[in-house]
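So the structure is just underneath, and the comments pick up after that.
Numbering (the numbering used here), first residue to last: 56 to 623.
And the structure:
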C-alpha cells in the first residue's frame, strides 16, 4: 500500500472520529506485518493540510472506548506529534486529557521544533487555573530550549523556583538537574540548587532537589565534595518522600555516585518505616545492587537496621534469593553474626529467610572467624537448634561445621546437641544426612557414633514395645482418633471459608467412582460433557518424634535456646 492509498483510507474514515481511530489502529497493525511505514507520514500530511485535525480527535478520545486500541493510538500520536502544525495550547489540552506517561518526551520534541514554543508553553501553563494538571509539562517545555538559549532557560527556571505552587517548584528543581549546560553556567545551577535546599520546606520539593543535585553531580564531578555537604541539609529530616527518592536513585538510576555519597544515602535508608511499602520494595533492589558492587558490608548494615525497625525479611524476596543462590559465604556470615547477636528479630529472620526462599535441604557453614572460643560456638549452636529446629539439615550442617574447628570439650557438647534433640526428633531425614556425610568421608567418627547411638535407642524401644503395661487401652486409642478426626474436619471447614480456592474453583462431592463429570458451556448455549479421571497425589513430612514422646521437655529446651543470651 502506497502513501496516497493510505491517505485515501484515512480520509474515507475521517467522517467519524471513532472510524478514523479504528482505521489508524488497523493500518498500524497492518504496517507491522508488511513493514510498510506510510501511516505516520499520511497522518502528518493530512493534519498539516487541514484535512483532519488529529490533535482534536485524539483529545476527545475516550479511554474506555473498546472500538480501537487506546495505547496503539497514543503510540502513533506521540510519534507524529513533533511534526504536526498545531498551537501549543491545543496540544497541551490534548495531552492533559489523554494523561499518558510517554507524552512528556513527545511534547519536548514538539516544543523544540519552533523557537517560540517553549516560551509560549510555559506562559500558557502558568496561566491555567488547574495548574497541577499542566505543571508536569513545564520540564518538557524548558528542556526543549536549544543550546543557544540556555541562559533564557535558566532564567525561566529560576522564576519558577519562587512560585507558590509546589508542583511548579518541583518541576523547576527537576529541570535544574537535567539542563544541558557548560562549565560556565554550572556554577549558576549549583547556586540555585544550594539556595533552594536551604529554603525549601515541602518534602516533595526536597525530594526533587535531591534528585536534581545527584544528577548535577554526575555531570560535574568536581562539585561532589560540596554536594555531600548539601545532602546533609537535605536529609537531616527523614521525610518519606526523600527516602523513597533515595531508594529509587540508588536502586535503578545510572548515577555514578562516589562511595562516600553512596554510604551517606544508604545509611539514611535505615530510617525507613515498615509502612513505606514502595520504599521497602526499592530497598530490596538496593541490597542486591550493593552485593553486585561488592559492597556487602554496607548491605548487611542496612539489612540489619531495617529488620530491627520492623521490616520483615520476606518482604525482600529478590535479595533473599540472590543471597542464598549466589552469595553462600556471605549468607553463612550473616547467619552466624545474627545468631551470635542473640537479637530475636534477627534470629527469627534467619528462619524466615531459609524457610520461605528455599527447600529444607539447605546446608550451612558457620563463619568461624566470628567464633573464637567455645562459649560462642556452643551459644550459636543452641541458637541454630532453637530457631532452625524445623529445618534439621540446616541446623545439623551448621553445627557440624563448628565441630570441625572446636576443642575436644566443646565437641562433646556439640555431639550431645546433635543427638538430642535433633537426631532423636528427625531420625529419618538426619539419618540420611549423616549417612551421606559418612559415605563422602566427612566427620566419619562423629557420624558413626551418632548413627550407632540412634540404632541402640531404637533397639531399646523395640525391647519394650510389646509390653502390655506400656500400651494404651484400645478404647482410649479409638476415642483419641475419633476426636482427632473431628477436630481436623472443623479446622478444614474453617480454613475453607477464607481460602482463595473457593473463589477460583468449584467444590464437588464425590460419592462413588474414580472420575468427575462436568459440562463446558459455550457462547452459543451448547453444553459439552467432559469427564476427568481422578489421580492420586500425596505429600509427606517428618514430625519431630520428641514432640510426641516428650513435648514438654522439647518445648522448654527450644525456648531456652531461642531466648538465651551470652554471658558478659
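From the three backbone atoms N, C-alpha and C, an ideal C-beta is built for every residue, glycine too. A quick note: this is a predicted structure, and the numbers were derived from the prediction, not measured.
State the Cα-Cα distance for the pair residue i and residue j, rounded to the nearest angstrom.
{"i": "residue 121", "j": "residue 73", "result": "For residue 121, the pLDDT reaches just 49, beneath the cut-off of 50, and the residue's location in the model is therefore unreliable, although a value from the coordinates is still provided. Their backbone Cα atoms lie some 10 Å apart in a straight line."}
{"i": "residue 620", "j": "residue 505", "result": "28 Å"}
{"i": "residue 205", "j": "residue 236", "result": "7 Å"}
{"i": "residue 320", "j": "residue 407", "result": "27 Å"}
{"i": "residue 323", "j": "residue 255", "result": "19 Å"}
{"i": "residue 219", "j": "residue 210", "result": "17 Å"}
{"i": "residue 534", "j": "residue 613", "result": "31 Å"}
{"i": "residue 576", "j": "residue 585", "result": "11 Å"}
{"i": "residue 132", "j": "residue 145", "result": "14 Å"}
{"i": "residue 157", "j": "residue 366", "result": "34 Å"}
{"i": "residue 422", "j": "residue 349", "result": "18 Å"}
{"i": "residue 294", "j": "residue 258", "result": "6 Å"}
{"i": "residue 570", "j": "residue 592", "result": "15 Å"}
{"i": "residue 260", "j": "residue 446", "result": "49 Å"}
{"i": "residue 253", "j": "residue 339", "result": "31 Å"}
{"i": "residue 301", "j": "residue 334", "result": "9 Å"}
{"i": "residue 325", "j": "residue 68", "result": "59 Å"}
{"i": "residue 62", "j": "residue 195", "result": "31 Å"}
{"i": "residue 90", "j": "residue 224", "result": "45 Å"}
{"i": "residue 213", "j": "residue 382", "result": "48 Å"}
{"i": "residue 314", "j": "residue 296", "result": "23 Å"}
{"i": "residue 618", "j": "residue 606", "result": "18 Å"}
{"i": "residue 71", "j": "residue 141", "result": "21 Å"}
{"i": "residue 286", "j": "residue 232", "result": "15 Å"}
{"i": "residue 282", "j": "residue 249", "result": "9 Å"}
{"i": "residue 337", "j": "residue 155", "result": "24 Å"}
{"i": "residue 82", "j": "residue 152", "result": "24 Å"}
{"i": "residue 526", "j": "residue 543", "result": "25 Å"}
{"i": "residue 77", "j": "residue 173", "result": "33 Å"}
{"i": "residue 541", "j": "residue 299", "result": "51 Å"}
{"i": "residue 532", "j": "residue 545", "result": "20 Å"}
{"i": "residue 134", "j": "residue 159", "result": "12 Å"}
Quick one: what's residue i bridged to in DSSP?
{"i": "residue 571", "result": "587"}
{"i": "residue 576", "result": "582"}
Taking residue i and residue j to be in contact with their CB atoms under 8 Å, please state how far apart those CB atoms are, rounded to whole angstroms.
{"i": "residue 193", "j": "residue 177", "result": "6 Å"}
{"i": "residue 101", "j": "residue 65", "result": "6 Å"}
{"i": "residue 379", "j": "residue 386", "result": "6 Å"}
{"i": "residue 226", "j": "residue 215", "result": "7 Å"}
{"i": "residue 449", "j": "residue 473", "result": "At roughly 13 Å, the Cβ-Cβ gap does not stay under 8 Å, so residue 449 and residue 473 are not in contact."}
{"i": "residue 627", "j": "residue 139", "result": "This structure leaves residue 627 out entirely; the chain is present only between 56 and 623."}
{"i": "residue 199", "j": "residue 163", "result": "5 Å"}
{"i": "residue 97", "j": "residue 136", "result": "Actually they are not in contact, since the Cβ atoms of residue 97 and residue 136 sit about 15 Å apart, beyond 8 Å."}
{"i": "residue 186", "j": "residue 222", "result": "7 Å"}
{"i": "residue 312", "j": "residue 269", "result": "7 Å"}
{"i": "residue 251", "j": "residue 264", "result": "6 Å"}
{"i": "residue 509", "j": "residue 478", "result": "6 Å"}
{"i": "residue 453", "j": "residue 419", "result": "4 Å"}
{"i": "residue 511", "j": "residue 465", "result": "About 24 Å separates the two Cβ atoms, so there is no contact after all."}
{"i": "residue 363", "j": "residue 328", "result": "With a Cβ gap of about 12 Å, residue 363 and residue 328 do not count as contacting."}
Just checking residue i against the ligand ADP - is the residue's beta carbon closer than 8 Å to any of the ligand's heavy atoms?
{"i": "residue 558", "result": "The ligand ADP is absent from the structure shown, which contains no ligand whatsoever."}
Open item on the list: Using 8 Å as the cut-off, can you tell me whether the region 358-371 makes contact with the region 306-316, which would need three or more C-beta pairs spanning the two stretches below that distance?
Closed with: no
Open item on the list: So, does the region 594-604 touch the region 368-379, judging by three or more C-beta pairs under 8 Å?
Closed with: no
Open item on the list: Between the region 429-442 and the region 461-472, can you find at least three pairs of beta-carbon atoms closer than 8 Å?
Closed with: yes
Open item on the list: Under 8 Å, with one C-beta from each stretch per pair, do the region 488-502 and the region 512-526 reach the 3-pair mark?
Closed with: no
TODO: Identify every run of the alpha helix (DSSP H) within the region 473-558, keeping only runs that are complete inside it and at least 4 residues long; order them along the chain.
DONE: 484-494, 499-519, 529-552
- [ ] Count the C-beta pairs between the region 387-404 and the region 437-447 that are closer than 8 Å, then say yes if the count reaches three, no if not.
- [x] yes
- [ ] Starting from the N-terminal side, write out each stretch of the alpha helix (DSSP H) that is 4 residues or longer and does not extend beyond the region 225-264.
- [x] 238-254
Task: Segments assigned alpha helix (DSSP H), at least 4 residues, entirely inside the region 97-163 - done: 109-114, 125-135, 143-153
Task: Ordered list of beta strand (DSSP E) runs contained in the region 262-321, each at least 3 residues - done: none
- [ ] Within the region 409-468, note down every full alpha helix (DSSP H) run reaching 4 residues or more, in order along the chain.
- [x] 429-442, 447-458
- [ ] Let me know the alpha helix (DSSP H) ranges lying completely inside the region 364-391, each 4 residues or longer, listed in chain order.
- [x] 372-381
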